[in-house]
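Protein chains in written order, with this note's numbering: chain A, 1 to 343; chain B, 1 to 343; chain C, 1 to 343. Cβ atoms here follow ideal geometry from the backbone N, Cα and C, with glycine treated the same way. None of these values were measured; they are calculated from a predicted model.
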Amino acid sequence: MVQKSKEQKVALTLREIADEVNGRVVGDPNYVVTGISTIQDADSNSLTFLANPKYRKFVSTTRAGAILINEDPGVAGKNFIVVDDPYLAFAKILAKHFYTPPVPAGISKRAIVSENAVIGENVTVGDGTIISDGVSIGDGTYIYPGVFISENSRVGKNALIYPGVIVRENSIIGDNVIIQPGVVIGGDGFGFVPGKNGHFKIPQLGNVVIEDDVEIGANTTIDRGAIGSTVIGKGTKIDNLVQIGHNVTIGKYCLIAAQVGIAGSTKIGNFVMIGGQAGIAGHLEIGDGVQIAAKSGINASIPPGEIVGGIPAVRHRDWLKIVSVWKRLPQLWERVKKLEDKR
Amino acid sequence: MVQKSKEQKVALTLREIADEVNGRVVGDPNYVVTGISTIQDADSNSLTFLANPKYRKFVSTTRAGAILINEDPGVAGKNFIVVDDPYLAFAKILAKHFYTPPVPAGISKRAIVSENAVIGENVTVGDGTIISDGVSIGDGTYIYPGVFISENSRVGKNALIYPGVIVRENSIIGDNVIIQPGVVIGGDGFGFVPGKNGHFKIPQLGNVVIEDDVEIGANTTIDRGAIGSTVIGKGTKIDNLVQIGHNVTIGKYCLIAAQVGIAGSTKIGNFVMIGGQAGIAGHLEIGDGVQIAAKSGINASIPPGEIVGGIPAVRHRDWLKIVSVWKRLPQLWERVKKLEDKR
Amino acid sequence: MVQKSKEQKVALTLREIADEVNGRVVGDPNYVVTGISTIQDADSNSLTFLANPKYRKFVSTTRAGAILINEDPGVAGKNFIVVDDPYLAFAKILAKHFYTPPVPAGISKRAIVSENAVIGENVTVGDGTIISDGVSIGDGTYIYPGVFISENSRVGKNALIYPGVIVRENSIIGDNVIIQPGVVIGGDGFGFVPGKNGHFKIPQLGNVVIEDDVEIGANTTIDRGAIGSTVIGKGTKIDNLVQIGHNVTIGKYCLIAAQVGIAGSTKIGNFVMIGGQAGIAGHLEIGDGVQIAAKSGINASIPPGEIVGGIPAVRHRDWLKIVSVWKRLPQLWERVKKLEDKR
Chain A
1 MVQKSKEQKV ALTLREIADE VNGRVVGDPN YVVTGISTIQ DADSNSLTFL ANPKYRKFVS
61 TTRAGAILIN EDPGVAGKNF IVVDDPYLAF AKILAKHFYT PPVPAGISKR AIVSENAVIG
121 ENVTVGDGTI ISDGVSIGDG TYIYPGVFIS ENSRVGKNAL IYPGVIVREN SIIGDNVIIQ
181 PGVVIGGDGF GFVPGKNGHF KIPQLGNVVI EDDVEIGANT TIDRGAIGST VIGKGTKIDN
241 LVQIGHNVTI GKYCLIAAQV GIAGSTKIGN FVMIGGQAGI AGHLEIGDGV QIAAKSGINA
301 SIPPGEIVGG IPAVRHRDWL KIVSVWKRLP QLWERVKKLE DKR
Chain B
1 MVQKSKEQKV ALTLREIADE VNGRVVGDPN YVVTGISTIQ DADSNSLTFL ANPKYRKFVS
61 TTRAGAILIN EDPGVAGKNF IVVDDPYLAF AKILAKHFYT PPVPAGISKR AIVSENAVIG
121 ENVTVGDGTI ISDGVSIGDG TYIYPGVFIS ENSRVGKNAL IYPGVIVREN SIIGDNVIIQ
181 PGVVIGGDGF GFVPGKNGHF KIPQLGNVVI EDDVEIGANT TIDRGAIGST VIGKGTKIDN
241 LVQIGHNVTI GKYCLIAAQV GIAGSTKIGN FVMIGGQAGI AGHLEIGDGV QIAAKSGINA
301 SIPPGEIVGG IPAVRHRDWL KIVSVWKRLP QLWERVKKLE DKR
Chain C
1 MVQKSKEQKV ALTLREIADE VNGRVVGDPN YVVTGISTIQ DADSNSLTFL ANPKYRKFVS
61 TTRAGAILIN EDPGVAGKNF IVVDDPYLAF AKILAKHFYT PPVPAGISKR AIVSENAVIG
121 ENVTVGDGTI ISDGVSIGDG TYIYPGVFIS ENSRVGKNAL IYPGVIVREN SIIGDNVIIQ
181 PGVVIGGDGF GFVPGKNGHF KIPQLGNVVI EDDVEIGANT TIDRGAIGST VIGKGTKIDN
241 LVQIGHNVTI GKYCLIAAQV GIAGSTKIGN FVMIGGQAGI AGHLEIGDGV QIAAKSGINA
301 SIPPGEIVGG IPAVRHRDWL KIVSVWKRLP QLWERVKKLE DKR
């Protein structure tokens, strides 16, 4: 069970929780929970939730003090809070009562902040962090130690930048952006004119634009545009070790899982979901709402709303059929042989 | 040939080597070697070994002073040390006589060590490294420059942490753990409640637990648990650029090759081997001793002892048969067409 | 449109440009351009280019002041500069007139440079960068802040090393090498002797050798040799998040796209091209001029000049045929069933 530290101990009645999430208590509204937990590991002091049907079996056996759930399961002797979206409700309780944001600490004396950088109110800059010439940092932004923000980059308000992040020159980062450790923003794109006596480097003169509310996972790399910008749209969430090539444009509210690679100049629409280790070739267009299965290889543009998978990717429902035969190829081979023999 | 520096020059007779590795000299036990080498590049001062049968052809042509080998090949005029496991014997000679561990150097004046951190005996902390509040570091641990250890994390004894490693808050790292450069431990897991007006971030309140004797490769990322811990079991070795999602549990003595991705909440047993670039979906169970081929896509749980490969993964022996037909699909197509024509 | 800063404003007549790139003006040779742009986004002050036929449609609609192109398209009222290789010509104009290299800044007082390091003329070392004992840095090399160069490593002349790069001991880096942020050079290779009571670490005693004119993308990892060297040949360009295992040898002028993985001891020839997310097993030989499609899985050596793709990889032209049938497997299955029924 996760609890806050003793000084900040949480104690919530089920009634208070239900009020906050527009839920309805089934059981004892005065019951008090002090921590949160998964449904398997919960004890009587824990609030938990049921969202994934895979875990429904634990509803009758869990020791949880209370369960956020989307309908009353009719199990006696347990407390439930019935709510439309139990996962969202749980996340909101976590965010409000159990998450402790880093405490603003001002500009460290061991940070190196350019005299002509513009630093907002209530900004934290950690030990050894470097803020270069011409940079601006918005109010309330928290920058951990060991970060490098290069010339003329801008960071918005209330952003959170973890240690080891490198932001190269002229990057534009919006409000509320979260950047996990080790991310590289604005590295040179992979642009060369190939030649028999060597490959000529195409100077990468553009930048990276990251809109508001984006989150970027650890050690992900987002290359600067060759000319113009590489753009990550508002509210898009990117997992760890993802590669975003130069001049890629990603729309709003996409979800991009770990180790995905997107090659140069490809345009991704809004609300696109990309599974882990998928790869998308360059100069393609991926429409709004497209869903790409993990490990897919995308070598052609995809119209809006499609669900695709495979290498090369096909419609997901077709992929399921293809794979079902693929697994029986040795059998199919034998059957064809038999037909030939008997002819 | 690798030699130690002149001041530390190694000179070993074959008898001394044989004694150390429980081997038997075939040839001149008084012969002296001063360096180690691969079998192709060896000279008469070098000790080498034969383990991979692919390199057996070099036994008669190598100039090596002596060869660790698992049986006397009956080649005249050469020196052999016959030993059960020549690779292990070679590794042990390397570790004892040719590897120089970093020399303890104390706490650098340019390190930033919190006053309430607990630092053991004989600990090294390099220039610019930050040890935050509430951290403890065990005896004999060596931390290179440019490392960040966040609040309340614990590092065991005799650990070796290379430059650029980021350890976020509340991580627990065991004894003898080796962490290569650029590793991120405890970044937020990829947890969001998707929504039409934006994806709500689920606070990632758990931590990472790394048991004794684990090694982690460069730029690998291991996310903290959402609730509870992400666990890497004792003696497990992880290569570079691997992604371990939140709440993954990995057992003891696993070997995980480069660029593997393991999605959230999956449980991996003991002695599991995972080939490079394989991907494992979330919420699965991979049994003890499972072997997963490189580039596989795992979308279902796997019972203990299975050897699997492919996308999606099937038993490896089935995969070999399927691929054999897959390569002849154009031929199969023609044969079916012919059958139809002749009907 | 990209322009240089006001103080450094560029203004070039088409005649001047044509002279520099051995081109021929079609249109007004006295026309002046002040910036560069893509063909879609160009305005009347911009120079642009046409190389990818996909963008030919924009020739008649672009507002560009002038277009570098490989033959006169016969479009009236527009300015063209006809040149053999428009892409290369454009890149050269960019490099000469629009790219601003970082301005040499000397050795920062906040850098930590060993007294016995040998530093050339006109070298820049940024804040917080650590240059260890026995290191040498060639003339004109620019090292950004937050870099770590470990003992006895050598860096050539006119190299450019971005923030967050970690170079472990004994590495050798040539002239004009560019290393993007977060790269790890010389991490330990993944070498263990597996055992039931734990895996015995094989000390990684070799180093990394990077020849002249190599570029390495962000967060890429290049492991040191176990014994001997991992070698990256002259003029080879490596993209982001690539994994190069221990004792890999890569020839000259290769192009290796993002997220590729190359396992230990594999030898890659000259002018090899490897698409994104491809994986190459260990101990293989890839011949000169081989082209490997994105996402391929290479489990066998490849003779010079082959073009391959797929998992496992086959000749690319075979792969196209195989995939064409693979997509119709459900149809093939039905047809075989029909043949059986009608027999």
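(1) Buried or exposed: where does Q180/C fall if 16 or more other Cβ atoms within 10 Å of its Cβ makes it buried?
(2) Quick one, are the C-beta atoms of A263/B and A281/B less than 8 angstroms apart?
(3) Show which residues of chain A have a CB atom less than 7 angstroms away from the CB atom of L284/B.
(4) Which residues mark the beginning and the end of the alpha helix (DSSP H) in which A91/C is found?
(5) Assuming S60/B and V82/B form a contact by the criterion Cβ under 8 angstroms, report the distance between their Cβ atoms to the nearest whole angstrom.
(6) Could you pull the start and end residues of the alpha helix (DSSP H) that K223/A belongs to?
(7) Is Q331/C helix, strand or coil by DSSP?
(8) With distances taken Cα to Cα, identify the nearest neighbour of I238/B among A258/B, R110/B, G138/B.
(9) So the alpha helix (DSSP H) L320/A belongs to, where does it begin and stop?
(10) Taking the beta strand (DSSP E) that I227/A falls in, what are its first and last residues?
(11) Secondary structure at A66/B, three-state DSSP: helix, strand or coil?
(12) Please check if any C-beta of chain A sits within less than 8 angstroms of the C-beta of I149/C.
(13) Helix, strand or coil for F190/B, going by three-state DSSP, please let me know.
(14) Taking the beta carbon of V214/C as the centre, do at least 16 other beta carbons fall within 10 Å, making it buried, or is it exposed?
(15) Excluding the 5 residues preceding and the 5 following L47/A in the sequence, name in chain order all residues of the same chain whose CB lies nearer than 6 angstroms to its CB.
(16) What is the DSSP secondary structure of V336/C, reduced to helix, strand or coil?
(17) Compare the beta carbon distance of T236/C and V208/C with 8 angstroms and say whether it is the shorter of the two.
(18) Can you tell me which of A226/B, C254/B, Y253/B puts its alpha carbon nearest to the alpha carbon of G191/B?
(19) Identify the contact partners of T221/A in chain C, using a Cβ-Cβ distance below 7 angstroms as the criterion.
(20) Output yes if chain C places a C-beta closer than 8 angstroms to the C-beta of A226/B; else output no.
(21) Measuring straight from C-alpha to C-alpha, what distance separates L94/A and V323/B?
(22) Y253/A CB to nearest chain B CB: under 8 angstroms?
(23) Rounded to the nearest angstrom, what separates V135/C and E169/C at their Cα positions?
(24) K342/B to R328/C, Cα distance in whole Å?
(25) Determine, using beta carbons only, whether R56/C comes closer than 8 angstroms to chain A.
(26) Look at the alpha carbon of G182/B and the alpha carbon of K234/B, and state the distance between them as a whole number of angstroms.
(27) Check for me: the beta strand (DSSP E) holding A208/B runs from which residue to which?
(28) Considering just the uninterrupted stretch of the beta strand (DSSP E) at L47/A, what are its terminal residues?
(29) CB-CB under 7 angstroms to W319/B, same chain, minus the five flanking residues each way: which ones, in chain order?
(30) Along the chain, where does the alpha helix (DSSP H) that runs through V242/B open and close?
(31) Kindly indicate the opening and closing residues of the beta strand (DSSP E) around R24/C.
(32) How many whole angstroms separate the CB atoms of G187/C and T221/C, which I take to be in contact at a CB cut-off of 8 angstroms?
(33) Kindly give me the distance between the Cβ atoms of G126/C and Y144/C, rounded to whole angstroms, as I take these residues to be in contact under 8 angstroms.
(34) Taking 6 angstroms as the limit between beta carbons, can you name the residues of its chain near Q291/B, skipping five residues before and five after?
(35) Does the beta carbon of I36/C sit closer than 8 angstroms to a beta carbon anywhere in chain A?
Taking the structure as given:
(1) buried
(2) yes
(3) Simply none; closest approach about 11 angstroms.
(4) 86-93
(5) Going by Cβ atoms, the distance from S60/B to V82/B rounds to 17 angstroms, so no, they are not a contact pair.
(6) Correcting the residue identity first, residue 223/A is Asp in this sequence and not Lys. Run containing D223/A: none in the alpha helix (DSSP H); it sits in the beta strand (DSSP E), 221-223.
(7) helix
(8) A258/B
(9) 316-326
(10) Neither: I227/A is in no beta strand (DSSP E) and is coded neither H nor E.
(11) strand
(12) no
(13) coil
(14) buried
(15) V33, I36, A66
(16) helix
(17) no
(18) A226/B
(19) A218, N219, N240, L241
(20) no
(21) 48 angstroms
(22) yes
(23) 9 angstroms
(24) 21 angstroms
(25) no
(26) 21 angstroms
(27) In the sequence as presented, Ala is not what sits at residue 208/B; that position holds Val. Run containing V208/B: 207-210, per the beta strand (DSSP E) assignment.
(28) 46-49
(29) G309, G310
(30) From DSSP, V242/B is part of no alpha helix (DSSP H); its letter is neither H nor E.
(31) 24-26
(32) 6 angstroms
(33) 5 angstroms
(34) M273, I307
(35) yes
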